[in-house]
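With our numbering applied, the sequence shown closes on residue 293, and no number is skipped along the way.
Note that beta-carbon positions come from the ideal geometry of N, C-alpha and C, so glycine has one too.
All of these numbers come straight from a predicted model, not from anything done at the bench.
Data block below; observations after.
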Amino acid sequence: MAARRALTLVELPAWPIKRLLRLEEALVRHEAGNWCLVTALPPTPAVVVGLGGKPDQLLDAAALRAAPVDVVRRFTGGGTVVVGGGTVVASLVIEKGAVCEPFPRDIMAWTEPVYAAAFGRLGVDGLALRDHDYVVGDRKVGGNAQCIAKDKWIHHTSFLWDYDPKHMTYLTLPAKRPEYRADRGHDAFLSRLGEATYPGYAAPAAGAAALASGLEAALAADFDVVRPGPDAAE
């Protein structure tokens, strides 16, 4: 019987999104092993554009001029998102051959039950994957970005624990959008996970800590999970 692979799960402090994305890329391209990172982002909002995204088509220039924020391009694909104090990020960096075929649909077929089990421990019922988004019912609660490299892949998810509606004005209604969204604006399309969890997990920081524990349990089905302090990812 083959030995089980190890996975290092790190609950990070509130790092700015730029620093988190640099760490993710380093783990994908230069660091051995399997990793899971979980963090609640700091309050300052930022816009993150996917590798192939076109800011002139995806962002509202007038809103950015009125209230400027950082616009960051990540090394993974995926859509354009606004992140900030209500965002909890979870990233899975996995060696090829560890759990599934290294193709987008296969990766998401593996991650969906992992996250459903983890969120079930937080009191969230019915979390599922729909058109590359994590949803509860017909409302989006998390968006994904992926990169498949030579030896590893990463599945990066921004979970909406909370959000400020005015920050969503930075984004236009994209021409290419999931069928289930149709023409719904953000208020009719998005939902806050902090309103779906048990009360003790409503705040993003508490939710991130609980999600890390839920993922530790869910990932134990496939890995020997080790959970050192945040310095392990430095």
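Quick one, which of N93, I207, S250 has its alpha-carbon nearest R286's?
-> N93
Which of the three DSSP states, helix, strand or coil, is assigned to R124?
-> helix
Is the Cβ-Cβ distance between G109 and G136 less than 9 Å?
-> yes
Taking the alpha carbon of T170 as the point to measure from, which residue in E293, A280, A292 has its own alpha carbon closest?
-> A280
Report the rounded CA-to-CA distance for Q116 versus A62, giving the unit in angstroms.
-> 48 Å
Could you give the C-beta distance for V140 and S217, rounded to a whole number, given that I count them as a contact under 8 Å?
-> 5 Å
If you draw a straight line from the alpha carbon of A73 to that of L252, how long is it in whole angstroms?
-> 18 Å
Put S272 into one of helix, strand or coil per three-state DSSP.
-> helix
In whole angstroms, what separates the C-alpha of V194 from that of R243?
-> 15 Å
E160: buried (16+ other C-beta within 10 angstroms of its C-beta) or exposed?
-> exposed
Cβ neighbour criterion (16 or more within 10 Å) applied to D129 = exposed
Mind checking who E154 pairs with in its DSSP beta bridge?
-> K211
For H89, count neighbouring Cβ atoms within 10 angstroms of its own Cβ and tell me buried if that reaches 16, exposed if not.
-> exposed
Spatial distance of L82 from T231 (CA atoms) | 29 Å
For G266, is the classification buried or exposed, using 16 other Cβ atoms within 10 angstroms of its Cβ as the cut-off for buried?
-> buried
Note down the Cα distance separating R189 from T103, rounded to an integer number of angstroms.
-> 29 Å
Whole beta strand (DSSP E) runs in the region 86 to 114 with 3 or more residues, listed along the chain?
-> 93 to 99, 105 to 108
Report the residue from L86, T67, V69 whose alpha carbon sits nearest the alpha carbon of C206.
-> L86
Same chain, Cβ closer than 7 Å to A292, five either side skipped, listed in chain order = V69, L71, L82, L96
How is L181 classed by DSSP in three states: helix, strand or coil?
-> coil
Among P101, T67, V142, which residue has its Cα nearest to the Cα of L219?
-> V142
Hey, out of V131, G201, T146, A208, whose CA is closest to A262's CA?
-> T146
Coarse secondary structure for E293, derived from DSSP in three states | coil
N- and C-terminal bounds of the beta strand (DSSP E) containing F282 | 282 to 285
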